[in-house]
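Residue numbers (the numbering used here), protein chains in the order written: chain A, 0 to 359; chain B, 0 to 359; chain C, 0 to 359; chain D, 0 to 359; chain E, 0 to 359.
Every residue gets a Cβ at the ideal spot worked out from N, C-alpha and C, and that includes glycine.
These numbers were taken from a predicted model, which means no experiment stands behind them.
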Amino acid sequence: MSQKIFKKRHTRIGARPGTLVISKQSPRPVVRGIFYNPESFEDQPIEDLDRLTEAFKKETIAWIDVQGFGDRSVMNKVGSVFGLHPLLLEDVVNVPQRPKTELYDDQLLIVVRMVRLKDPEDQSRYRVDMEQVSIVLAENYVITFQERYGDILDPVRKRIKGGKGIIRHRGTDYLAYAIADTIVDGYYPVLEGVGNDLEAMEDEVIRNPSPEVLGELNTLKNQLINLRRAVWPQREAVNSLVRGDYALIGEDVRVFLRDTHDHCIQTSEVAEMYREMATGLMNTYLSSVANRTNDVMKVLTVMASLFIPLTFMAGIYGMNFEHMPELHYRYSYPLLWAVMTVTTVGMLIFFWRKGWIGRG
Amino acid sequence: MSQKIFKKRHTRIGARPGTLVISKQSPRPVVRGIFYNPESFEDQPIEDLDRLTEAFKKETIAWIDVQGFGDRSVMNKVGSVFGLHPLLLEDVVNVPQRPKTELYDDQLLIVVRMVRLKDPEDQSRYRVDMEQVSIVLAENYVITFQERYGDILDPVRKRIKGGKGIIRHRGTDYLAYAIADTIVDGYYPVLEGVGNDLEAMEDEVIRNPSPEVLGELNTLKNQLINLRRAVWPQREAVNSLVRGDYALIGEDVRVFLRDTHDHCIQTSEVAEMYREMATGLMNTYLSSVANRTNDVMKVLTVMASLFIPLTFMAGIYGMNFEHMPELHYRYSYPLLWAVMTVTTVGMLIFFWRKGWIGRG
Amino acid sequence: MSQKIFKKRHTRIGARPGTLVISKQSPRPVVRGIFYNPESFEDQPIEDLDRLTEAFKKETIAWIDVQGFGDRSVMNKVGSVFGLHPLLLEDVVNVPQRPKTELYDDQLLIVVRMVRLKDPEDQSRYRVDMEQVSIVLAENYVITFQERYGDILDPVRKRIKGGKGIIRHRGTDYLAYAIADTIVDGYYPVLEGVGNDLEAMEDEVIRNPSPEVLGELNTLKNQLINLRRAVWPQREAVNSLVRGDYALIGEDVRVFLRDTHDHCIQTSEVAEMYREMATGLMNTYLSSVANRTNDVMKVLTVMASLFIPLTFMAGIYGMNFEHMPELHYRYSYPLLWAVMTVTTVGMLIFFWRKGWIGRG
Amino acid sequence: MSQKIFKKRHTRIGARPGTLVISKQSPRPVVRGIFYNPESFEDQPIEDLDRLTEAFKKETIAWIDVQGFGDRSVMNKVGSVFGLHPLLLEDVVNVPQRPKTELYDDQLLIVVRMVRLKDPEDQSRYRVDMEQVSIVLAENYVITFQERYGDILDPVRKRIKGGKGIIRHRGTDYLAYAIADTIVDGYYPVLEGVGNDLEAMEDEVIRNPSPEVLGELNTLKNQLINLRRAVWPQREAVNSLVRGDYALIGEDVRVFLRDTHDHCIQTSEVAEMYREMATGLMNTYLSSVANRTNDVMKVLTVMASLFIPLTFMAGIYGMNFEHMPELHYRYSYPLLWAVMTVTTVGMLIFFWRKGWIGRG
Amino acid sequence: MSQKIFKKRHTRIGARPGTLVISKQSPRPVVRGIFYNPESFEDQPIEDLDRLTEAFKKETIAWIDVQGFGDRSVMNKVGSVFGLHPLLLEDVVNVPQRPKTELYDDQLLIVVRMVRLKDPEDQSRYRVDMEQVSIVLAENYVITFQERYGDILDPVRKRIKGGKGIIRHRGTDYLAYAIADTIVDGYYPVLEGVGNDLEAMEDEVIRNPSPEVLGELNTLKNQLINLRRAVWPQREAVNSLVRGDYALIGEDVRVFLRDTHDHCIQTSEVAEMYREMATGLMNTYLSSVANRTNDVMKVLTVMASLFIPLTFMAGIYGMNFEHMPELHYRYSYPLLWAVMTVTTVGMLIFFWRKGWIGRG
């Protein structure tokens with residue numbers, strides 16, 4: 000994935016609405032169908048899209064999962080088989096869209112933002128990886144779209160396969176809920192990871208405010224700004240499902256979505272809190288550097304102020320004037336040492352009182 | 000409790016809704032039942048949950064208090080005895096949730112955030128301790144849940160036992176109010192404690208801006224950000240009770256809840272004010288350090304500027320050129336002293352005028 | 000009054016609602032009754048609260064003024080004589096509450112925040128003094144409560160006594176308006192005083208950014224944060240009176256309250272503006288200190304850079320090597336002076352070009 | 000005008016509503032009447048207010064312009080002749096009020112904030128001058144009030160006199176619109192002037208961050224804070240006219256007011272943008288000062304680090320020990336020069352690599 | 000285009016509404032007409048405006064494109080031919096207006112802000128170029144206005160000409176949508192360009208915080224403030240079209256506009272995110288400079304602290320006192336070297352422990 004904090008696949012300016020813009024990095028589409036009802040379960044790769052609809056049976060719920068967009072004709076095929084509105088298909092493919100819900104006749108598009116920590120081995124600058132998952136919800140099928148291959152929805156698949164719980168007994172609205180909820184649940188580990196980074200950095204900032212720490216702090220902060228921007232609109236999108244704007248979502252499923260909504264709010268609030276803390280940490284960094292400069296200056300000032308007057312005194316009696324009576328006195332030298340000692344002690348007391356040595 | 004500023008017990012991603020995630024640190028559940036009406040009062044530990052409902056009598060209000068979640072089977076038992084919705088039980092156990100109110104059929108879940116100052120002996124970094132108290136309000140019973148053992152609700156218990164006041168004559172809604180109000184009342188001492196910390200730190204920041212103070216200030220500020228995040232949604236949660244969204248809350252109890260709502264608003268405003276003051280203090284800290292660096296620099300500059308030219312003059316007449324006429328004049332030496340004195344006095348006047356010595 | 004920026008008299012946690020918490024500093028209650036109608040005016044201290052209601056006559060408006068809360072039994076007596084709701088009495092006594100309006104059956108509680116500049120002789124840290132005035136408005140009487148003795152309402156008393164204007168011809172709603180308006184009018188001199196402080200500090204910050212100024216600036220800023228927090232909710236409280244939420248306030252009096260509402264908005268906006276200016280001043284302070292450090296550094300750098308090379312040159316010819324041919328040349332000494340002069344002039348030009356001497 | 004950023008003429012605390020507070024600087028009121036209809040136009044000073052109403056004719060629109068408030072009796076006279084509500088008159092005279100619209104029976108008060116750049120010759124600190132213009136709109140007359148003499152409304156007068164355009168064919172609502180629009184139009188040159196100041200200051204801040212620039216920047220910023228506060232509520236005031244809250248404003252004039260409303264929004268947004276830029280400039284200033292201090296430090300460090308070691312070396316061989324073999328070697332002196340040269344070159348390379356000399 | 004961040008062509012203060020203010024830089028108006036229906040397509044320059052309406056045929060959609068305002072009579076002619084309201088024409092010509100939609104009888108004015116990156120060869124300070132495009136939508140024609148010649152709408156022209164897609168089969172509302180959507184699509188490349196600048200600057204700020212970078216950063220930030228101000232109100236303008244406030248926009252076109260609205264929200268959020276990042280970068284800059292000053296100070300302090308004491312020691316034995324026993328001892332000189340070495344090593348250890356040398 001790119002280093003960019005924001006990169007959108009957008010159409011050529013002025014292109015016809017519905018024009019698909021597919022990233023070169025997106026792999027070939029792989030389509031998979033899951034068909035289930037309380038009694039039966041089938042999970043099969045779908046090679047021939049034309050014959051897809053034959054697989055649909057009455058009384059069966061179909062979940063079509065499309066991963067990878069790297070072949071425009073396949074994507075258009077999917078669009079025509081399911082009668083997707085051109086704008087819906089554009090929203091699905093030209094990622095990222097804002098998280099949102101949009102009704103097109105009898106299909107409801109739910110755009111969800113997936114957030115994940117990257118592999119620790121990934122050396123890229125940003126640790127958080129975002130991807131759009133688009134859910135199309137209809138009467139008897141759900142289609143999910145992801146730009147890259149991924150396994151985030153495997154737990155849902157397993158729950159259906161396992162047949163425990165109520166998922167096999169519910170309709171497509173519950174399936175869409177289960178998918179969205181799974182994605183939103185994924186926010187917590189990311190927040191924990193980022194929170195850990197933040198706390199680790201806090202100590203570093205106060206103990207050792209190096210330029211590297213500054214760079215990391217800046218990256219972390221930008222990431223949190225971006226994270227918040229991704230998580231925030233998710234609230235509204237889920238809320239429109241809870242509120243009952245759409246007939247496709249049954250009353251009983253709304254109770255579950257209310258829970259998902261709560262999680263969206265909580266995660267967005269925590270992301271905001273972290274962003275605020277990171278901003279504060281930048282100020283702490285600056286204060287910490289200023290503190291260290293102050294320490295350095297104190298040492299310099301103490302050293303210079305102690306020795307510069309003494310050097311001057313020594314310089315005086317290094318002069319070669321013919322007529323310098325002090326040079327010839329018996330006790331000039333020890334006396335000078337005495338004066339120097341007194342001066343030094345005086346200075347030390349002065350500095351100690353100021354708190355520049357011995358304490359602080 | 001952990002040092003983390005935010006730590007949530009969340010389910011494995013994609014887990015079935017209603018999955019309970021119980022902290023290893025949470026102690027074994029202890030269940031206690033209080034049954035009262037104007038005439039009678041009974042307070043007893045409940046060992047056998049199956050026989051709990053037998054203790055319910057008509058005309059009696061039951062308050063079931065569950066402390067500690069450390070045994071999944073007990074928690075599930077509580078859920079099944081009272082017919083709690085799986086999502087309700089999840090919200091109760093997988094703490095922290097946001098403060099909120101949610102209706103599940105004939106049970107109203109009220110999530111309240113408890114805030115307390117830690118023991119002064121507790122050496123942990125954050126002084127403020129937060130915990131979720133969940134209140135389930137039904138027609139003739141109230142259930143309260145806390146993750147750890149605690150005595151915060153003892154005053155309510157005593158008021159019921161004492162039988163003074165109106166609490167024995169009211170329904171479960173008044174009991175729920177009394178519990179919520181007791182928790183919200185607990186915000187004031189915390190705010191006072193934090194406020195005291197803040198004022199103590201203010202002097203320190205201006206007098207002695209050391210790195211330790213910076214660390215403490217940063218901790219305090221993060222804590223205030225967190226406190227505000229905890230207290231703020233409490234307003235909305237209590238407000239939904241006041242507004243009359245729920246039939247379980249009687250008109251007369253709403254007058255009391257309006258009072259609780261006022262306290263929520265006041266505490267959240269004070270928390271916000273403190274946060275703003277702490278942010279300002281960070282800037283004050285930086286200014287204070289800059290000021291001290293300025294002081295250090297002044298001393299260095301005065302010392303160096305006074306003695307460097309003098310040292311140079313002494314250096315001149317320390318040279319060993321054969322032909323330096325000044326060396327042989329009779330009054331060269333005292334004259335040089337005169338020049339040095341004049342230079343020094345000139346410099347002193349210059350520095351005094353700039354305000355670098357003698358004043359400021 | 001305490002140095003604290005926020006201090007609330009709050010009940011013991013979990014206390015019965017309606018519990019009064021009275022400050023030890025609050026003096027003994029003094030009750031005073033004013034009874035008037037267009038024809039008559041009576042102003043008398045009230046010793047025996049029990050006989051208070053006897054003083055009420057038809058066609059007469061009664062204004063009962065209670066100052067000082069220092070005797071719980073008197074306060075409870077007032078409550079029972081007028082039939083005040085326990086929560087109303089709690090709001091009146093456990094100051095400060097947020098400014099608000101609340102209806103209890105046929106009594107309307109209006110909580111107003113009084114703001115005053117302290118005596119210039121008062122040596123306390125904060126110059127602004129706040130106090131809560133509670134107004135209880137009923138059909139034929141108004142009760143006012145203040146925690147300390149004070150004369151802020153004297154002008155209203157005089158206007159009633161004088162009998163000029165319309166106040167004697169209006170009902171209790173107009174009296175309540177007159178009291179609230181008088182208190183809100185008191186915000187302007189405070190804002191002027193704080194504004195003067197702010198402008199005085201501005202010059203100081205740029206001319207002489209000393210640590211004392213920093214401390215004062217910090218205090219002023221916290222005070223403005225607090226002031227804003229006190230003034231802001233006043234808007235909403237007065238607005239609810241203007242909007243006509245309460246039947247006790249007549250249509251004609253609402254026109255006057257609209258004016259009070261305008262003043263509340265204006266004062267809160269000015270307070271906010273001042274707060275913003277104070278925040279900006281903190282940055283100005285930091286910039287000003289940085290500037291002065293820069294000045295100090297320039298002097299040090301110029302002095303050191305001028306003399307350190309010269310001292311080095313002098314040092315060279317102070318060496319005692321046997322074989323230093325320059326020492327024996329006839330014109331070595333004047334030549335050295337020439338080199339030194341050229342060096343010095345070169346440096347001076349360099350520094351002058353940089354703007355470190357002579358300009359800036 | 001005063002140097003104060005906010006100064007309001009407010010009544011003595013607790014004064015009767017409607018009390019007028021007149022600035023000593025306000026000149027004697029000058030009243031001028033313009034009476035016009037499509038066919039006729041009359042413009043005359045009005046000496047005798049009592050006979051003013053005689054000048055009113057049917058089918059004629061009257062515009063009474065009052066400039067200067069310096070005579071209380073005249074102001075009260077105006078009030079009684081037109082039957083102005085005491086609070087309306089107070090709002091007109093006790094400036095500044097917030098921009099607002101208020102209906103008093105059949106008179107609509109429109110308070111508009113006039114903003115102007117001061118004369119360039121005016122040496123006062125703030126360049127922007129604000130004044131309140133109050134417009135009283137009634138069925139067949141418009142009264143305008145200004146505290147000081149001014150010519151801002153002359154263009155409207157000329158348009159009426161010229162008789163071109165539609166102004167002579169419309170009612171008082173269009174006249175009020177024309178006056179308000181003229182005042183709002185005056186915001187643009189002010190914003191341009193302030194914008195120019197800001198851009199001029201930007202270069203200065205980066206090139207030469209002197210304390211004078213800091214002072215100016217601070218003044219500019221406070222001015223922008225104040226400007227924004229003045230312009231912002233104007234939006235809402237004009238919007239209430241557009242929305243059709245008042246029957247006095249005809250449907251056709253509302254189309255024009257919509258335009259004025261747009262201008263209010265645009266100017267307030269630009270003022271806000273400028274304020275934000277000025278705030279940013281304060282940070283830029285600080286960074287710029289820090290940069291220059293860094294430059295100064297580099298010079299000092301390079302100079303000191305170059306010569307201090309050399310001076311030490313020279314000092315060594317200036318010692319007078321009897322037994323210093325190097326002093327007697329033939330090539331000691333040139334060798335020392337060689338060592339010194341190598342040291343210096345090494346240091347220079349070190350500093351060059353750090354970017355402290357030669358580049359940056 | 001000017002360097003100004005905000006420059007508006009505004010009328011003389013108090014001018015008649017509808018007065019056109021035309022920039023001297025605006026070129027002569029060029030008018031071009033496109034007339035199409037599903038079967039036919041015509042694109043022709045229009046010389047004689049009077050005969051324009053003759054070109055209108057039933058069943059044909061007309062798109063009149065006006066580029067350049069540099070001839071007042073032509074602009075007025077356009078106004079009269081199409082019966083444009085004077086205020087509408089003013090909004091079109093006196094650019095920039097805020098993005099907005101306004102209905103004048105049967106004509107809907109849609110003001111859109113066009114945003115473009117300037118030519119890389121353009122040496123001006125701001126890289127982003129803004130221009131207003133005004134769209135007048137009526138039953139059977141659309142008029143577009145641009146102050147300068149430009150080709151941004153060519154893609155729409157080509158789509159109409161090509162006849163593919165649905166554009167030839169839809170009404171004027173779809174044409175207006177296509178134009179607005181094309182302009183909004185143009186925001187993405189600008190955001191990408193600005194985002195690239197921002198990321199490039201980030202490294203620079205941490206590696207090399209020079210004054211040039213500060214200037215660029217400041218410019219970039221002001222530009223982002225301006226960009227956000229331009230993009231933000233676009234949301235509301237487009238939303239009013241989506242909401243169905245205007246009968247001229249058909250239900251089917253609203254689905255497309257919903258998409259445009261989404262793009263407006265996304266771009267404004269990204270612009271806001273970038274602005275926040277630029278603000279953060281300013282703090283990073285300051286921290287980075289402080290860091291470098293700290294580095295410089297460390298070098299100075301280490302150098303000075305190492306050599307100043309040594310120089311003092313050398314100075315001592317350069318004195319010419321007659322009675323300095325050390326001068327005559329055999330091993331004085333090597334002993335002194337020993338002392339100096341020990342001192343130096345001690346200092347080095349001290350500095351190394353502090354992290355001022357060798358690490359950090």
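Best match in the options for proximity to residue i [C-alpha to C-alpha]
i              : options                           : result
D202 (chain C) : C:T259, C:E271 and C:A277         : C:A277
E89 (chain B)  : B:R124, B:E146, B:I151 and B:E120 : B:E146
Residue i, DSSP secondary structure in three states
i              : result
Y330 (chain D) : coil
V94 (chain E)  : coil
Y245 (chain D) : coil
A137 (chain B) : coil
A61 (chain A)  : strand
G359 (chain D) : The predicted position of G359 (chain D) is uncertain, since its pLDDT is 43 and thus under 50; no value can be drawn from it.
P44 (chain B)  : strand
Cutoff 8 Å: residue i Cβ touching any chain E Cβ
i              : result
L219 (chain D) : no
F5 (chain A)   : yes
G359 (chain D) : At G359 (chain D), the pLDDT of 43 sits below 50, so the modelled position is not reliable; the number obtained from the coordinates is stated separately. Judged by the 8 Å Cβ criterion, G359 (chain D) is in contact with chain E.
L86 (chain A)  : yes
Beta carbon proximity, residue i to chain A, threshold 8 Å
i              : result
A289 (chain E) : yes
W355 (chain E) : yes
C-beta neighbour in chain B for residue i, strict 8 Å
i              : result
M302 (chain C) : yes
S331 (chain C) : yes
Y35 (chain A)  : no
Opening and closing residue of the alpha helix (DSSP H) in which residue i lies
i              : result
L197 (chain D) : Y186 to R206
Where residue i falls, given that 16 or more other Cβ within 10 Å makes a residue buried
i             : result
P16 (chain C) : buried
K57 (chain A) : exposed
G67 (chain E) : buried
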